[in-house]
Amino acid sequence: MMQLAELRAQLVSCHRRADRSLVFRGHQFPVCARCTGIFAGYFAYPLFLLGWLQISFLICLAMQLPTIIDGYTQHRQWRTSTNTLRLATGILSGVGQAGLMVAVGLHLAKLVLSR
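Counting in numbering that gives the first Met the number 0, the sequence shown runs from 0 upward without gaps.
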């Protein structure tokens, strides 16, 4: 029977490369630095939902660009990235995604409730 940790690892789409993962007290994080940042950024979701954090839809979309640019230029081997940069761009992306999820959800709720 598959262990719970193995199942979780298979459900998350991440390469989990050791050289691109954070290490804490000798233990490698289960996802890469960029994904760690994205998941950390998701903690902003309640702040958006409660109205404590408000960022426009377009800014939330623009917050994806640093992660896309960092990943693409690294993939094309135009430059090298660092785990610090991956983590920072991931956090920015995660916060932006949280804002997008709330904005889209609220918009859909308004559409449904207005009928």
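Ideal placement from N, C-alpha and C gives every residue a C-beta, glycine not left out.
- Message: For the pair the segment 72–86 and the segment 53–63, tell me if three or more CB-CB distances fall below 8 Å.
- Response: no
- If you drop the 5 nearest sequence neighbours on each side, which residues of the same chain put their C-beta closer than 8 Å to that of residue 22? 28
- Report the residue from 111, 53, 91 whose alpha carbon sits nearest the alpha carbon of residue 34. 91
- Just the C-alpha distance for residue 105 and residue 65, rounded to the nearest angstrom, thanks. 26 Å
- Query: Got a sec? Which residues, its chain only, sit under 8 Å from residue 40 by beta carbon, not counting five neighbours each side?
  - Reply: 89, 90, 91, 92, 93, 94, 95, 96, 97
- Between residue 52 and the rest of its own chain, which residues show a CB-CB distance below 7 Å, the 5 nearest in sequence each way excluded? 43, 46
- Task: Just the C-alpha distance for residue 2 and residue 31, rounded to the nearest angstrom, thanks.
- Result: 21 Å
- Message: What does the alpha-carbon distance come out to for the pair residue 79 and residue 100?
- Response: 31 Å
- Task: Give the range of the beta strand (DSSP E) segment to which residue 31 is assigned.
- Result: 26–31
- Message: Just to confirm before moving on: does the CB-CB distance between residue 102 and residue 36 stay below 9 Å?
- Response: no
- Query: Three-state secondary structure (DSSP) at residue 52?
  - Reply: coil
- Item | DSSP three-state assignment for residue 92, whether helix, strand or coil | helix
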